[in-house]
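Data first, discussion second: the structure below is written as structure tokens.
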Amino acid sequence: MNIAYLWVAIGGALGSVGRFWLNGIISNYVGTFPLGTLVINVTGSFLIGIFAGLAIPEGRMDSQSRAFVTQFLMIGICGGYTTFSSFSLQTLNLLRDREWLYAGGNVVLSVVLCMIAVWLGFMLGSVFNSMKGN
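Quick note: to get the numbering used here, add 4 to the position in the sequence shown (first position is 1).
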């Protein structure tokens, strides 16, 4: 097995457990507003930004360290913690490249299409849920 997959898997497990833990703590103190998810998305975006800034090719890290940061911390931990961080980093990169239309399109399409997808998925799940068992 390629070691990269192991680092991603371990990081993803740690990130997912961290998300579950933090969301549980915050949800105990907050009512209806999904503050736990918001905090996770913001902190995950902040963390992936730090890691991306540290791992830029023109930085101080050698290629082996950069691969570890990318695989374990960015894809693994941040990806398990929140995929919103990946979306945020990709949008930032588009903005840094002055790809305004693509960056705006990514934000609008991601929000609109994901809201449609979650609604359609919810409706389909509701249909399955309402079917009588035989």
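We put the CB at the ideal spot given by N, CA and C, even for glycine.
Here the structure is a predicted model, which means the values were calculated and not measured.
Query: DSSP state of ARG23, grouped into three classes?; Result: helix
Query: Quick one: grab the DSSP three-state call for PHE91.; Result: helix
Query: Do ILE81 and LEU18 count as a contact pair if the criterion is CB distance below 9 Å?; Result: yes
Query: Could you tell me the alpha carbon to alpha carbon distance between GLN68 and PRO61, rounded to whole angstroms?; Result: 11 Å
Query: Go through its chain and collect everything with a Cβ distance to SER49's Cβ below 8 Å, but skip five positions before and after it.; Result: THR86, PHE88, SER89, SER92 and LEU93
Query: For the alpha helix (DSSP H) that contains MET119, what are its first and last residues?; Result: 104-134
Query: Provide the residue span of the alpha helix (DSSP H) that contains GLY53, from first to last.; Result: 39-58
Query: Give the range of the alpha helix (DSSP H) segment to which ARG70 is assigned.; Result: 67-72
Query: Judging by CA-CA distance, which residue of ALA107, LEU42, ASN110 and VAL115 is the nearest neighbour of ASN27?; Result: LEU42
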